[in-house]
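> Numbering (the UniProt record's numbering), first residue to last: 1 to 226.
Backbone N, C-alpha and C fix where the C-beta goes; we use that ideal spot for every residue, glycine too.
Sharing a structure below in structure tokens format, with a few things to ask.
Set out below in structure tokens:
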């Protein structure tokens, strides 16, 4: 599950990003509305968690944008504004749920699970990611290439899923670090190269068509040869 968190408060944003990553979600964090708008329009997401009070484009406006673009992804609003009128406004604009700060993390997880159940009842989604003859089952964590099972560690699986969800798109080391390792520290970029080597040894080494590619000076991507 790929979540976009939009929160300008450094403490809260870091808390949400790390907490959600620890329970297995893929999380990207935008610290302002302008960055969030770009990520919303350029990416594919399973859930948006939006703060209301942002320095430029606020959470209400982002919700409007999401629905104007006919993106049906669930929207969970987080806000210090607890008045009924604010909740009504958010729901009327297209939000699916509204949670008042301070955040109780177990309740947040419960709300997320409820939104996904509700969404999955109305939209049939294939939980298998495919690139050429490589298949990744998001429910069972089964990874196969040409019918051969590939055993990955938890971190390798998370990394591979992030690549697969962005198939044919170059991902920078910084993007990979933020989503897979929940850190922005450039000193850790070497770990990305190490794990790419791990994945190549398991995904590509026994096959003539190499799916994992290096884009020199930029980052990595996964793509079919066709």
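Please classify residue 53: does DSSP put it in a helix, a strand, or coil?
Residue state, collapsed to three classes: coil.
> Mind checking residue 80: buried by the 16 CB within 10 Å criterion, or exposed?
By the beta-carbon neighbour count (other beta carbons within 10 angstroms, threshold 16), residue 80 is exposed.
> In angstroms with no decimal places, state the Cα-to-Cα distance between residue 221 and residue 85.
45 Å
> With a CB to CB cut of under 8 Å and the five nearest residues on each side skipped, what residues in its chain are close to residue 34?
56, 57
> Using DSSP bridges, identify the partner residues of residue 149.
DSSP lists 144 as the beta-bridge partner residues of residue 149.
> Where residue 134 and residue 87 are concerned, what is the direct C-alpha to C-alpha distance, given to the nearest angstrom?
44 Å
> Here's the rule: buried if 16 or more other CB atoms are within 10 angstroms of the residue's CB, otherwise exposed. What is residue 124?
Per-residue confidence for residue 124 stands at a pLDDT of 47, beneath the threshold of 50, marking its modelled position as unreliable; no derived number is given.
> Rounded to whole angstroms, how far is the Cβ of residue 111 from the Cβ of residue 93, which I believe are closer than 8 Å?
Residue 111 to residue 93, Cβ: 18 Å. No contact.
> Let me know the secondary structure DSSP gives residue 124 once reduced to three states.
Here residue 124 scores only 47 on pLDDT, less than 50, and its place in the model is too uncertain to base an answer on.
> Please report the residue range of the alpha helix (DSSP H) in which residue 164 lies.
Note, residue 164: alpha helix (DSSP H), 154 to 165.
> Tell me whether residue 100 sits in a helix, a strand or coil according to DSSP, three-state version.
Residue 100: strand per DSSP, three-state reduction.
> Could you tell me the boundaries of the beta strand (DSSP E) in which residue 230 lies?
Nothing about residue 230 can be reported from this structure: the residues present for the chain run from 1 to 226 only.
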